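Accompanying notes for the structure given below.
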Amino acid sequence: MTLVGDAPGGSAPDALAQRLLRSTARQSYDPEVDLDWSAPPVPGLWWMQPERMSLYGTPLWRGLSEEQRILLSMHEVASIASVGIWFEIVLMQILLRDAYRQDPTSARTQFALTEVGDETRHTVMFGRAIGSMGVPAYGPRPTPHRLARLGPLALRGASAYAGILIGEEPVDRWQREMMRDERIQPLTRMVARIHVTEEARHVTFAREELAKAVRGLGRTKLRWHQALTAQVAFVTMRSLVHPDVYAVVGLDPREARRQALGNESYRETIAWMGEKVMPVLQESGMVAERDRKVWRASFLMR
956 MTLVGDAPGG
966 SAPDALAQRL
976 LRSTARQSYD
986 PEVDLDWSAP
996 PVPGLWWMQP
1006 ERMSLYGTPL
1016 WRGLSEEQRI
1026 LLSMHEVASI
1036 ASVGIWFEIV
1046 LMQILLRDAY
1056 RQDPTSARTQ
1066 FALTEVGDET
1076 RHTVMFGRAI
1086 GSMGVPAYGP
1096 RPTPHRLARL
1106 GPLALRGASA
1116 YAGILIGEEP
1126 VDRWQREMMR
1136 DERIQPLTRM
1146 VARIHVTEEA
1156 RHVTFAREEL
1166 AKAVRGLGRT
1176 KLRWHQALTA
1186 QVAFVTMRSL
1196 VHPDVYAVVG
1206 LDPREARRQA
1216 LGNESYRETI
1226 AWMGEKVMPV
1236 LQESGMVAER
1246 DRKVWRASFL
1256 MR
């Protein structure tokens, strides 16, 4: 069994894995060293881009003071980071499950294990960042959290790597914008920069694996992977902002979530986050017309 699960013809060329291993050796970060954890927050700066927040432009948003909006930005970015921890733990289980059956002398297996090491550091970095803010690690709501336990079992081959891209690429685009935005706190900008640099290698690897995994899939297996991928998109994107974040500024979580999910600005933000990954998924045959309602509900497809 290869890392690509259902894909015939063996693994991706070792040349790509060797190149990614060299890139890892040249440019990797140690959050313990490369982040100044003792630096206090800069007064008046946001924790994420205000126009990318879930309530931006809604009646509830207009009723908040600037101070409340900035406070909410801290809780929203903490929610997204904690969902990132959840996702990356699931991702690491998938990679380790597959590497368990691989040749440890191959560059491909070594890069898969290197990626697990990267993701371990990222989860620790996200957890420490949330802790330094003094806010909860919201994570996903209970139902998605329970469902994700099935991820390492259900997601294999094409759907595994499509799911990895859904978890990585939209957040990557959001962070690329964040890390260049001088309105944002230095801590979250540097966390974004570290994550973007190292995730670029993971995205390259996952795209290659997806391309190989879909080759030769029969209609029934392809349909299974398409349906799973759509559900991963829905659950992941709907989980980014936990409703409890709204209570910190005195809002009713249920009403705030209702306005957020109906907010055209927020829907456009999610679609913008997915502008790079959706063409990849479509070209690989992972987006089926019969799943259009699920994709639209994820906001990745308009």
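Each residue of the sequence shown is one higher than the one before, starting from 956 at the first, in this note's numbering.
Backbone N, C-alpha and C fix where the C-beta goes; we use that ideal spot for every residue, glycine too.
Since the structure is predicted, the reported quantities are computational estimates derived from the model, not experimental observations.
Are the beta-carbon atoms of residue i and residue j separated by less than 8 Å?
i: V1200; j: E1031; result: yes
i: L1183; j: L1108; result: no
i: V1203; j: L1026; result: yes
i: S982; j: E1132; result: Checking the sequence, you will find Gln at residue 982 rather than Ser. No; because the gap between Cβ atoms is not below 8 Å, this pair is not in contact.
i: A1054; j: T1069; result: no
i: P986; j: M1134; result: no
i: H1157; j: G1112; result: no
i: M1233; j: L1206; result: no
i: V1038; j: P1095; result: yes
i: V1242; j: Q1186; result: no
i: I1149; j: D989; result: yes
i: A926; j: L1050; result: Since the displayed the chain opens at 956 and closes at 1257, residue 926 lies outside it and no answer follows.
i: A1036; j: A1084; result: yes
Is it buried or exposed, residue i, if we count other Cβ atoms within 10 angstroms and call 16 or more buried?
i: V1196; result: buried
i: S916; result: Residue 916 lies beyond the stretch modelled for the chain, which goes from 956 to 1257, so this question has no answer here.
i: S922; result: Given that the chain is displayed from residue 956 to residue 1257, the structure contains no residue 922 and the question cannot be resolved.
i: T1098; result: exposed
i: S993; result: exposed
i: V1090; result: buried
i: P1198; result: buried
i: T1078; result: buried
i: T1191; result: buried
i: E1210; result: exposed
i: G965; result: Interpretation of G965 is limited by its pLDDT of 40, a score under 50 that renders its predicted location unreliable; the figure taken from the coordinates is listed afterwards. Exposed is the call here.
i: L1268; result: This structure leaves residue 1268 out entirely; the chain is present only between 956 and 1257.
i: E1043; result: buried
Return the bridge partner residues of residue i from the DSSP annotation.
i: I1139; result: W1001
Got a sec? Which residues, its chain only, sit under 7 Å from residue i by beta carbon, not counting five neighbours each side?
i: A1062; result: D969, A972, Q973, L976
i: A967; result: Below a pLDDT of 50, predicted positions are generally treated as unreliable, and A967, at 45, falls in that range; the measurement from the model is reported next regardless. R1063, E1163, E1164, K1167.
i: L1000; result: R1138, I1139, Q1140
i: W1129; result: R1007, M1228
i: G1012; result: N1218, S1220
i: G1240; result: V1169, L1177
i: P996; result: Q1140
i: M1088; result: M1029, A1033
i: V1235; result: L1120, R1162
Might you give, ordered along the chain, the residues of its own chain that have their beta carbon closer than 6 Å to the beta carbon of residue i, omitting 5 neighbours on each side?
i: R1244; result: Reading off the sequence, residue 1244 comes out as Glu, not Arg. No residues qualify anywhere along the chain.
i: A1252; result: F1189
i: R1247; result: none
i: E1223; result: none
i: R1144; result: M1134
i: T979; result: T1069
i: S1194; result: V1038, P1095, P1099
i: W1002; result: S1028, M1029, V1032, Q1140, T1143
Apart from the five residues just before and just after residue i, which ones in its own chain have a Cβ nearer than 8 Å to its Cβ?
i: D1058; result: T1064
i: H1100; result: W1041, G1094
i: P1014; result: Q1214
i: R1257; result: R1222, A1226, R1251
#### Entry: Meets three-Cβ-pair contact criterion under 8 Å: the segment 1113-1122 and the segment 1211-1219
no
### Task
Decide yes or no for the touch test of the segment 1158-1173 against the segment 996-1010: beta carbon pairs closer than 8 Å, at least 3 of them.
no
### Task
Check whether the segment 1220-1229 touches the segment 1123-1141, counting contact only when three or more Cβ pairs, one atom from each stretch, lie closer than 8 Å.
yes
### Message
When you compare the segment 1073-1088 with the segment 1141-1155, are there three or more beta-carbon pairs, one atom per stretch, that lie closer than 8 Å?
### Response
yes
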